[in-house]
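Engineer:
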Amino acid sequence: MDIVKGYEEEFNQLVDIYEKNTDDKSLRNSAVATIIVSGNKVVGLNSVKGMHVSSKVRNDGLIMIDVEIEDNTIIPIPVHLCTGFLKKRGEQILKFNYIIGDNVKVKFKSHCILTKVEKLHHYMESDMYIGKNSHVVYEDEHFHDERGGVFVETITKMKIDENGYFASKFYETKTRVGRINVVMDIELKNNAKANLESKIYGKEDDIIDIKEIMRLNGENSSGIATSTVFATDSTKAHVVNEAYGNAPYARGHIECNEIVKGSDVSVSTIPVLKVNNEKAELTHEASVGRIKQDQLETLMSKGLTEDEAAEFIVNGLLS
Amino acid sequence: MLVLENIKYSKNSNNIINGISMKFEEGKIYGIVGNNGVGKSTIGYIIMGLSDYKVNDGRIILDNEDITQMPVNERAKKGIALLWQEPARFEGITVKNYLTLNKKIPVQDVEEALSLVNLEPDKYLNRFVDKKLSGGERKKVELASCILLKPKYLIMDEPDSGIDIMSLDMIIKIVDYLKKRGTGVIVITHRKEIAIQSEYSYLICAGKVFLEGTSDKIVKYYEKTCDTCGHINYAEEN
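This is how it looks when you write it as structure tokens:
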């Protein structure tokens, strides 16, 4: 692990918080590729064979990180991307540029450690190109301060080339959301596949916006986008799922489940399906409402109280 | 003893259950028999205390305690359980979690319950109780859950529905197993092979106990008369 001189303490603080929240000790392991950002600095960097990482910080504070993975590279251990903010207030702006070669297999584990901030705007923009026959998994987990002062914006644009596969999991279920705006826009070429999943647990006056777009431009391309939001108290949640079937035999399915608990909750979902090729097929499922009564009563008939049953169901949905 | 005294239940101005009285003892098998739509399942839901099934009149007594107004989870704690005809599905919850409900139940008990319902523990413990389970598999998981609850009284609502014909023997064995364990089993069915296993049965018609007695007598009457009867039942919700 290459810890940037002078930032050892920040590195250790972030890693300690991460380990406390996850029991994962990977960040200190030299066999693991890692990129660790604190505030507007890269404080730790470790690469592995076939992967090249470079970073620079612009004068205006924007952190630019380029990740390139060579053709035919298989990275057996997940690559960790850790972004943290240890001050109480501020703004963090990151721009990631990923170029994944052909025949690559890689998994990214991204975590945002924002547990100590009172007020923060965290903005992350990513461009990703996934080469032919490559297999990429991206898991994104957030740990926020419980006071709700974090505003996270993540905008991802992606192109998946022929026979490529991409799966993402965006989870913000363990700590307070604050305000979150997630946009993911994916273009799929011939035989490419994508599977997007997001799960968010809103509390108090959290604001949640999710927008997932799948452009099925290649023949036989396919994608599934599933969003699950559990909105409590006076949470506001708005989910938009869009799928465009632009090529023969393109198949897309979008699904949004918003479960509400509390009379001041405001949630909505908008599915957009547009077919521009007669051989394309798109489907959607959506539900907005309280926890299903038959689920509650099934568990209550085993002795759980209504609150225990609801918690059991929601833990399953958000797991 | 579990006693239903003159139970009446109506919904949307329809009289569904019209003054039913029944008695059940622990360690015995009972049948509630009748055609579709006569109110059999409704009786099961009323005993369990589901929220849409509050009675208009009558009492439910469990071991000398009036439980008529008791909520469903309290009744469960007192020892009443329900095998749902079509059990709900749960995303993200494994069979293991569902069966234990996050309580400390020995793994061997969970494995034994799964084996009793012909599900191999190694294959099923980590599967999810979601849409990917077939109807039959889901029903068997529910049956395993009921076995683990060790209830005083188990209401089995059409236990064979959704289960393949080969599993009928398994259901019959489980009913016998529960009886030997001291559970009072209340089987709601219109299937002769299951009804005949009961020691005492109630034949339901139009929300009333039309006939009661040994299962032999009830099944014979049901086969002879009810199958061909043109009587229209309005007991269930239309």
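Heads up: the protein sequence lines correspond to chains A and B, in order.
Number 607 marks the last residue of the first sequence (our numbering); no jumps.
Number 236 marks the last residue of the second sequence (our numbering); no jumps.
Even for Gly, the Cβ is constructed at its ideal location relative to N, Cα and C.
Could you pull the DSSP bridge partners for A/N529 from this structure?
Structural biologist: DSSP output for A/N529 lists A/E500, A/P559 as bridge partner(s).
Engineer: What do you get for B/E235, buried or exposed, if any count of 16 or more other CB atoms within 10 angstroms of its CB means buried?
Structural biologist: Here B/E235 scores only 42 on pLDDT, less than 50, and its place in the model should not be relied on; the value that follows carries that caveat. Looking at its Cβ environment, which holds fewer than 16 other Cβ atoms inside 10 Å, B/E235 is exposed.
Engineer: Any beta carbon of chain E sitting closer than 8 Å to that of A/L484?
Structural biologist: The structure shown contains no chain E; its protein chains are A and B.
Engineer: What three-state label does DSSP hand B/F88 in the structure shown?
Structural biologist: Reduced to three states, the DSSP call for B/F88 is coil.
Engineer: Using beta carbons (cut-off 8 Å, strictly below), is B/S143 in contact with chain A?
Structural biologist: Interface residue, yes.
Engineer: Does the beta-carbon of A/D311 have 16 or more other beta-carbons within 10 angstroms, so that it is buried, or is it exposed?
Structural biologist: Exposed, by the Cβ-count rule.
Engineer: To be precise: take each residue of the stretch 57 to 83 of chain B, compare its Cβ to all Cβ atoms of chain A, and keep it if any distance is under 7 Å. Which residues remain?
Structural biologist: Per Cβ criterion, the list reads V70, N71, A74, K75, A79, L80, W82.
Engineer: Distance check for A/F458 and A/A525, CA to CA, integer angstroms please.
Structural biologist: If I take the Cα positions, the gap works out to 15 Å.
Engineer: By how many angstroms is the C-alpha of B/I27 removed from the C-alpha of B/A233?
Structural biologist: Reliability fails at B/A233, whose pLDDT of 49 lies under 50, so the model's placement of it is uncertain and the value that follows must be treated cautiously. Approximately 24 Å, taken between the alpha carbons.
Engineer: Can you give me the C-alpha to C-alpha distance between A/E296 and A/T361, rounded to a whole angstrom?
Structural biologist: Each residue's alpha carbon lies about 31 Å from the other.
Engineer: Can you tell me where the alpha helix (DSSP H) holding A/I579 begins and where it ends?
Structural biologist: Looking at the DSSP string, A/I579 is not in any alpha helix (DSSP H), and its letter there is neither H nor E.
Engineer: Taking 8 Å as the threshold (beta carbon to beta carbon), is B/E235 in contact with chain A?
Structural biologist: Its pLDDT being 42, under 50, B/E235 is placed unreliably in this model, and the value from its coordinates should be taken loosely. It does not; no Cβ of chain A falls within 8 Å.
Engineer: Looking only at C-alpha atoms, which of A/I498, A/E507, A/K549 sits nearest to A/K491?
Structural biologist: Closest option to A/K491, Cα to Cα, is A/K549.
Engineer: Quick one, which residues of the stretch 85 to 98 of chain B are near chain A if we go by CB-CB under 7 Å, in chain order?
Structural biologist: Residues P85, A86, F88, E89, G90, I91.
Engineer: With DSSP as the reference, please indicate the residues paired to B/M154 in a beta bridge.
Structural biologist: B/L81, B/V185, per the DSSP bridge assignment.
Engineer: Chain A partners of B/M46, CB-CB under 7 Å?
Structural biologist: Neighbours of B/M46 on chain A, chain order: S589.
Engineer: Quick check on the DSSP output: the alpha helix (DSSP H) that includes A/T322 runs from which residue to which?
Structural biologist: Where A/T322 is concerned, there is no enclosing alpha helix (DSSP H), although the beta strand (DSSP E) it sits in stretches over 322 to 326.
Engineer: Tell me the start and end of each unbroken beta strand (DSSP E) in the stretch 41 to 80 of chain B that is at least 3 residues and wholly inside, in chain order.
Structural biologist: 55 to 60, all fully within the stretch 41 to 80 of chain B.
Engineer: Between A/D505 and A/K445, what straight-line distance do the alpha-carbon atoms span, to the nearest angstrom?
Structural biologist: Note on identity: in this sequence residue 505 of chain A is Asn, with Asp being the wrong assignment. Near 15 Å, if we compare the C-alpha coordinates of A/K445 and A/N505.
Engineer: Starting from A/E485, trace the beta strand (DSSP E) in both directions and tell me its first and last residue.
Structural biologist: Run containing A/E485: 481 to 490, per the beta strand (DSSP E) assignment.
Engineer: Please check if any C-beta of chain B sits within less than 8 Å of the C-beta of A/T514.
Structural biologist: No, A/T514 does not count as interfacial toward chain B.
Engineer: Suppose the cutoff is 6 Å on Cβ atoms and the five residues either side in sequence are ignored; what does the same chain contact list for A/N309 look like?
Structural biologist: Once the five neighbours on either side are set aside, the close Cβ partners of A/N309 are F431.
Engineer: Using only the alpha-carbon positions, how far apart do A/V560 and A/S342 sit?
Structural biologist: One C-alpha to the other measures close to 38 Å.
Engineer: Going residue by residue through the stretch 167 to 227 of chain B, where are the continuous alpha helix (DSSP H) segments of at least 4 residues, counting only ones entirely within it?
Structural biologist: Runs of the alpha helix (DSSP H) inside the stretch 167 to 227 of chain B: 190 to 193, 213 to 219.
Engineer: Suppose contacts are defined by Cβ-Cβ distances below 8 Å. Is B/L112 in contact with B/A142 by that definition?
Structural biologist: A contact, by the Cβ cut-off of 8 Å.
Engineer: Can you say whether A/H399 is buried or exposed, counting buried as having 16 or more other CB atoms within 10 angstroms of its CB?
Structural biologist: A/H399 is buried by the Cβ-count criterion.
Engineer: Using the rule of at least 16 other Cβ atoms within 10 Å of the residue's Cβ for burial, across every protein chain shown, is A/H541 buried or exposed?
Structural biologist: The residue is buried, with at least 16 neighbouring Cβ atoms inside 10 Å.
Engineer: I want to see whether chain A comes within less than 8 Å of B/S49, judged by CB atoms only; does it?
Structural biologist: Output row for B/S49: interface = yes.
Engineer: Taking only beta carbons into account, state which residues of the stretch 145 to 169 of chain B come closer than 7 Å to chain A, listed in chain order.
Structural biologist: The residues in question are L147.
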